[in-house]
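Engineer: Below you will find the structure I want to go over with you.
In our numbering, the protein residues as written are 23 to 443.
So this is what it looks like as structure tokens:
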């Protein structure tokens, strides 16, 4: 397996361009099935999750190809199976979006329960609740979710918990239902809005995305389109944290600043300088820091609160802060798997259920490190970049799932990082 070797202590300086959003891409690619015609998806990140979805769609019979500029062209008209097996989805949590897309298009889907990162329970009960409300018969047999509907009919659906996955999956199925569907207590994340915009570009009627009530007028004839995915909020936040952690000065291009307000606020509270700008072509954020950060407290919350996907990199940063910081993880109950690795580097972190107390140390030390999930891998890389001495970060196949050309982008900023195959 490949791993990173990082010689820490180098200040990150320069500029970096953010790729398309992973969390939007893994929902929009399955949504192409609904069009029944060829679609072109632009600004796709070149990451493992996108490659897995390419393979799944090809296995289902779709024609998938990449253009010279990296866009994905998907023609779903030759799909000849509505079954997605475990070996196809074992590495991809977001494969459950195929359930809503195929149910909305064909009225039938069989999807193996998805894999992905081990960060706690991520049940799909709200997804199933939504599909049943639309008139589908849904059962789980031997790890396979089987959904079937002679006809989908719009319904009023209240989500018991705010769930990005359930919100998007119900949207996909509801586009193929007759009548109006109303999703209440819907997730507001930027990639929910992006999926809604994509569906509307295909001819659907989805209104209210970005608020807690989404209305879908289903049953419209959809068509192919060309659509560009939004920039990745989490990748941008990771580079913002890395810039501050290494006491660097980095301009982060191709961002939507409003998506990053929670992370910008906490970095500024910690003493880093965060400046938003517009060069006439795109928005950028400049993050710089010259000293040890101040301690801050964080609670992860659904958007627009502090994102759970940046909790782990932020903990690496705060492990070097002056004073005691507290992080409360409200989204996933098992997202502190990276703590033992940070402790190996000299971090002083105490866990109590879903709360981490971080007593900052002046300097982390390089160590052999092992990622347990995607964002934990990003956190360990941030820590290794800021640490004194050499670190090796293993299990980077997790990182490959969500960050495009990560080591190349870091090297361009002055990091001493290399990939060893």
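Glycine is no exception: its CB is placed at the ideal position from the N, C-alpha and C atoms.
Pull the bridge partners of residue 444 from the DSSP assignment, please.
Structural biologist: Residue 444 lies beyond the stretch modelled for the chain, which goes from 23 to 443, so this question has no answer here.
Engineer: Buried or exposed: where does residue 380 fall if 16 or more other Cβ atoms within 10 Å of its Cβ makes it buried?
Structural biologist: Start at 1 with the first residue of the chain shown, and residue 380 comes out as number 358. Counting Cβ neighbours within 10 Å, residue 380 comes out buried, since at least 16 surround it.
Engineer: Cα separation between residue 55 and residue 95?
Structural biologist: By one-based count along the chain shown, residue 55 stands at place 33. By one-based count along the chain shown, residue 95 stands at place 73. Whole-angstrom Cα-Cα distance: 12 Å.
Engineer: Whose C-beta lies closer than 7 Å to the C-beta of residue 442 among residues of the same chain, with five residues either side of it excluded?
Structural biologist: As a first step, residue 442 must be located in the chain shown, where it is residue number 420. Taken in chain order, the residues that qualify are 24, 25 and 27.
Engineer: Can you give the Cα-Cα distance for residue 59 and residue 417, rounded to whole angstroms?
Structural biologist: The count along the chain shown starts at 1 and reaches residue 59 at position 37. The count along the chain shown starts at 1 and reaches residue 417 at position 395. Those two C-alpha atoms are separated by around 38 Å.
Engineer: Is the region 65-82 in contact with the region 206-215, if contact means three or more CB pairs nearer than 8 Å?
Structural biologist: Contact fails: fewer than three Cβ-Cβ distances are below 8 Å.
Engineer: Going along the chain, which residues of its own chain have a beta-carbon closer than 6 Å to the beta-carbon of residue 290, five neighbours each way excluded?
Structural biologist: The residue labelled residue 290 in the question sits at position 268 within the chain shown. So the list reads 296, once near-sequence residues are dropped.
Engineer: Reducing DSSP to helix, strand and coil, say where residue 331 ends up.
Structural biologist: Here residue 331 refers to the residue found at position 309 when the chain shown is read from its first residue. Three-state result, residue 331: helix.
Engineer: Measuring CB to CB, does residue 153 end up less than 8 Å from residue 169?
Structural biologist: Within the chain shown, the letter at position 131 stands for residue 153. Within the chain shown, the letter at position 147 stands for residue 169. Yes; because the gap between Cβ atoms is below 8 Å, this pair is in contact.
Engineer: State the start and end residues of the unbroken beta strand (DSSP E) segment that holds residue 342.
Structural biologist: Here residue 342 is taken as the residue at index 320 of the chain shown, counted from 1. Segment: none, residue 342 is in no beta strand (DSSP E) and carries neither H nor E.
Engineer: So, are the CB atoms of residue 220 and residue 50 less than 8 Å apart?
Structural biologist: Working through the chain shown from its first residue, we reach residue 220 at position 198. Working through the chain shown from its first residue, we reach residue 50 at position 28. It is a contact, given that the beta carbons lie within the stated cut-off.
Engineer: Return helix, strand or coil for residue 315, following the three-state DSSP convention.
Structural biologist: If you number the chain shown from 1, residue 315 lands on position 293. Here residue 315 sits in coil by DSSP.
Engineer: Could you check if residue 33 belongs to the surroundings of the ligand FMN, using beta carbon to heavy atom distance under 7 Å?
Structural biologist: With respect to small molecules bound, the structure shown includes none, and the ligand FMN cannot be examined in it.
Engineer: Given a threshold of 16 other Cβ atoms within 10 Å of its Cβ, counted over all protein chains shown, does residue 245 qualify as buried or as exposed?
Structural biologist: What you label residue 245 is simply residue 223 of the chain shown in a count that begins at 1. Result: exposed.
Engineer: Determine the burial state of residue 306: buried for a count of at least 16 other Cβ atoms within 10 Å of its Cβ, exposed for fewer.
Structural biologist: Within the chain shown, residue 306 is the residue found at index 284, counting from 1. Buried.
Engineer: Under 8 Å by Cβ, that's how I've got residue 402 and residue 363 pegged, so tell me the actual separation to the nearest angstrom.
Structural biologist: Taking the first residue of the chain shown as 1, we reach residue 402 at position 380. Taking the first residue of the chain shown as 1, we reach residue 363 at position 341. The Cβ separation is near 6 Å, so the contact holds.
Engineer: In terms of residue numbering, what span does the beta strand (DSSP E) encompassing residue 373 cover?
Structural biologist: The count along the chain shown starts at 1 and reaches residue 373 at position 351. Run containing residue 373: 370-374, per the beta strand (DSSP E) assignment.
Engineer: DSSP three-state call for residue 214: helix, strand or coil?
Structural biologist: Here residue 214 corresponds to residue number 192 of the chain shown, with the count starting at 1. Helix, per DSSP.
Engineer: Answer yes if the region 308-316 comes into contact with the region 324-338, meaning at least three C-beta pairs across the two stretches below 8 Å, and no otherwise.
Structural biologist: The region 324-338, when compared against the region 308-316, does not touch it at the 8 Å Cβ threshold.
Engineer: Name the residue from 204, 197 and 201 whose alpha carbon lies nearest to the alpha carbon of residue 222.
Structural biologist: To locate residue 222, count along the chain shown from 1; it is residue 200. It is 197 whose Cα lies nearest to the Cα of residue 222.
Engineer: So, are the CB atoms of residue 359 and residue 394 less than 8 Å apart?
Structural biologist: Translated into the one-based positions of the chain shown, residue 359 becomes position 337. Translated into the one-based positions of the chain shown, residue 394 becomes position 372. Cβ atoms of residue 359 and residue 394: closer than 8 Å.
Engineer: Please report the Cβ distance between residue 203 and residue 241, rounded to the nearest whole angstrom; I am assuming they are in contact, meaning their Cβ atoms lie under 8 Å.
Structural biologist: Stepping through the chain shown from its first residue, residue 203 is reached at position 181. Stepping through the chain shown from its first residue, residue 241 is reached at position 219. Not confirmed; about 10 Å, so no contact.
Engineer: Which residues in the same chain as residue 86 place their Cβ atom closer than 6 Å to its Cβ, once the five residues preceding and following it in sequence are excluded?
Structural biologist: Taking the first residue of the chain shown as 1, we reach residue 86 at position 64. Taken in chain order, the residues that qualify are 76, 79, 80 and 96.
Engineer: Of the residues 218, 35, 162 and 42, which one's Cα is nearest the Cα of residue 424?
Structural biologist: The residue you call residue 424 lines up with position 402 of the chain shown. Nearest option by C-alpha distance: 42.
Engineer: Considering residue 300, what are the terminal residues of the alpha helix (DSSP H) in which it resides?
Structural biologist: Indexing the chain shown from 1 puts residue 300 at position 278. Here residue 300 belongs to no alpha helix (DSSP H); instead the beta strand (DSSP E) covers 295-300.
Engineer: Reducing DSSP to helix, strand and coil, say where residue 104 ends up.
Structural biologist: Reading the chain shown from its first residue, position 82 is the one you call residue 104. Reduced to three states, the DSSP call for residue 104 is coil.
Engineer: Write down every uninterrupted run of the beta strand (DSSP E) in the region 149-202 whose length is 3 residues or greater and which is fully enclosed by it, in chain order.
Structural biologist: Entirely contained in the region 149-202, the beta strand (DSSP E) runs reaching 3 residues are, in chain order, 159-163, 166-170 and 178-180.
Engineer: Could you give the DSSP three-state label for residue 382: helix, strand or coil?
Structural biologist: To locate residue 382, count along the chain shown from 1; it is residue 360. If DSSP states are grouped into helix, strand and coil, residue 382 belongs with coil.
Engineer: Please list, in chain order, all residues of the same chain as residue 93 whose beta carbon is under 7 Å from its beta carbon, the five residues on each side excluded.
Structural biologist: If you number the chain shown from 1, residue 93 lands on position 71. For residue 93, where only same-chain residues beyond five positions count, the Cβ hits under 7 Å are 62, 63, 64 and 66.
Engineer: Would you tell me roughly how many angstroms separate the C-alpha atoms of residue 218 and residue 229, rounded to the nearest one?
Structural biologist: Residue numbering aside, residue 218 sits at position 196 when the chain shown is read from its first letter. Residue numbering aside, residue 229 sits at position 207 when the chain shown is read from its first letter. About 8 Å.
Engineer: Counting C-beta neighbours from all protein chains within 10 Å, is the total for residue 99 16 or more, i.e. buried, or is it exposed?
Structural biologist: As a position in the chain shown, residue 99 is number 77, starting the count at 1. Flag for residue 99 reads exposed.
Engineer: Give a yes or no on whether the C-beta atoms belonging to residue 404 and residue 36 are separated by under 8 Å.
Structural biologist: Mapped onto the chain shown, residue 404 falls at position 382. Mapped onto the chain shown, residue 36 falls at position 14. Not closer than 8 Å, so no.
Engineer: Near residue 143, what residues of its chain come up, given a Cβ to Cβ distance below 6 Å and the 5 sequence neighbours on each side ignored?
Structural biologist: One-based indexing of the chain shown puts residue 143 at position 121. Residue placement at residue 143 is poorly supported in this model, since its pLDDT is 45, which falls under 50; the coordinates are not used for a value here.
Engineer: Consult DSSP for residue 442 and reduce its assignment to one of helix, strand or coil.
Structural biologist: As a working mapping, residue 442 is identified with position 420 in the chain shown. Reduced to three states, the DSSP call for residue 442 is strand.
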